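Visitor: What follows is a structure written as structure tokens; I'll ask about it next.
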Amino acid sequence: MGHPAIENNSPFAFEVLFLVDEELRPLVVPVIKGTFDIVSGHCRRAEKQLPVNVSGESWGEDPETSSYKYEPEVAFFKPATDVVLVGQAHAPRRGTTEMDVRLTVGPLHKHLRVFGERMWLRAAGTVVTSPPVAFDAMPLVYERAFGGWDRRHPDPRHHACDARNTVGTGWGLSLGEEGLRLPNLEDPKRLLQTFGDRPDPAGVGFVSPHWQPRAALAGTYDAAWQAERAPLLAKDFDRRHLNAASAGLVAPGYLHGNERVVAEGVSTQGTLSFVLPAGPSPTVKVVRKDEPDIDLVANLDTVILEPDDGRVQLLWRTYGTLRTGPHDLRAVTISAPGWT
């Protein structure tokens, strides 16, 4: 059985994935990725186009204990555009112990307060925070946000974690003798005040699918599901689970390009301001063997901002249904007219 002919008439990288939906219906999922350089306040198509990243990448060596740098780009669908920033906070001057990061992308706004290293300390019969230490740059990763595990009890049955961010810091059942490192990233509208506060983790990166509240959108997998529906996804599976951006950075629908980006505190060059690349949405023609052709228009569903690299990645995605699987196809043609 021959493979389908794949033709890319666009200037971008692409991957044709064969996946299934909630009901195990076979799908063909074209994913198109455009890479752009930020140059003098403008975006231009990069000479080197990055490939679709189907495996993803974690910040640490162990993906089980670290956050995503890049999510695996294998969702069959996203109901809205994710906006993610991969980078660092850059102190505006020497001796900085605290600063703000602000990000605006079209209708989306995110504000973080960034602190140098701190910890909870016992002092005069109470618990206080140590003064933050000066820093030059601070990674904007969930390891630096509120969350984490408390594994200090000798009995593992008493270990517990913050299900909203299992790789973070500052979460604990008790202070302990050594103190506890505080998060470096906080929401300025809900700063930590006292030990025992449980603020939402603050970040601008990808959120893991097993963290709450994203995990709850995956549905209910109980005995009833096992008896009546397995191996299908749960009946209450919500496609919003497939969005992976931080809170406040999932757009109300799809972005289209041409949105203004303003990023403060994330570049050694000062405030970044530019407009997202814009052009007609890529189109895909799917030629099937025994059924009519399908003409698809891809949605811009992921925007990755990388200030330290002076780079923007845009991902477009669409899908078409198949009768039985990849061997139903004769050809897939990807086009992006209007992009040079």
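In the working numbering, the protein residues as written are 368 to 707. Cβ coordinates follow ideal geometry from the N, Cα and C atoms, glycine included. Nothing here was measured: the structure is a model prediction, and the numbers come from that model.
Beta-carbon within less than 8 Å of proline 439's beta-carbon, same chain only, minus the 5 sequence neighbours each way: which residues are those?
Guide: Correct list, in chain order: Asn420, Val421, Ser422 and Gly423.
Visitor: Run the CB neighbour count on threonine 536, radius 10 Å, all protein chains shown included, and call it buried at 16 or more, exposed below.
Guide: It counts as buried.
Visitor: The alpha helix (DSSP H) spanning alanine 582 covers which residue range?
Guide: Where alanine 582 is concerned, there is no enclosing alpha helix (DSSP H), given that its DSSP letter is neither H nor E.
Visitor: Over the uninterrupted beta strand (DSSP E) stretch that includes glutamate 465, give me the two end residues.
Guide: 465 to 472 is the extent of the beta strand (DSSP E) around glutamate 465.
Visitor: Using DSSP bridges, identify the partner residues of aspartate 404.
Guide: Answer is Arg411 and Arg678, bridged to aspartate 404.
Visitor: Would asparagine 551 and arginine 485 be called neighbours here (beta carbons separated by less than 9 Å)?
Guide: The answer is yes: Cβ separation under 9 Å.
Visitor: Look at phenylalanine 513 and proline 430 and say whether their C-beta atoms are less than 9 Å apart.
Guide: Not closer than 9 Å, so no.
Visitor: Please classify glycine 454 as buried or exposed, where buried requires at least 16 neighbouring CB atoms within 10 angstroms.
Guide: The residue in question, glycine 454, is buried, as its Cβ has 16 or more Cβ neighbours within 10 Å.
Visitor: Give the straight-line distance between the Cα atoms of glutamate 414 and threonine 402, rounded to the nearest whole angstrom.
Guide: Approximately 8 Å, taken between the alpha carbons.
Visitor: Taking the alpha carbon of methionine 505 as the point to measure from, which residue in Val481, Ala372 and Val495 has its own alpha carbon closest?
Guide: It is Val481.
Visitor: Skipping 5 residues on each side, what residues in its chain have a beta carbon closer than 7 Å to that of arginine 411?
Guide: Cβ within range, chain order: Phe403 and Asp404.
Visitor: Apart from the five residues just before and just after leucine 599, which ones in its own chain have a Cβ nearer than 7 Å to its Cβ?
Guide: Excluding positions up to five away in sequence, the list reads Glu389, Glu390 and Leu391.
Visitor: Could you give the distance in angstroms between the alpha-carbon of aspartate 564 and the alpha-carbon of leucine 558?
Guide: C-alpha separation (whole angstroms): 9 Å.
Visitor: Take valine 642 as the anchor and find which of Leu479, Gly632, Val628 and Val654 has the nearest alpha-carbon.
Guide: Ranking Leu479, Gly632, Val628 and Val654 by Cα distance to valine 642 puts Val628 first.
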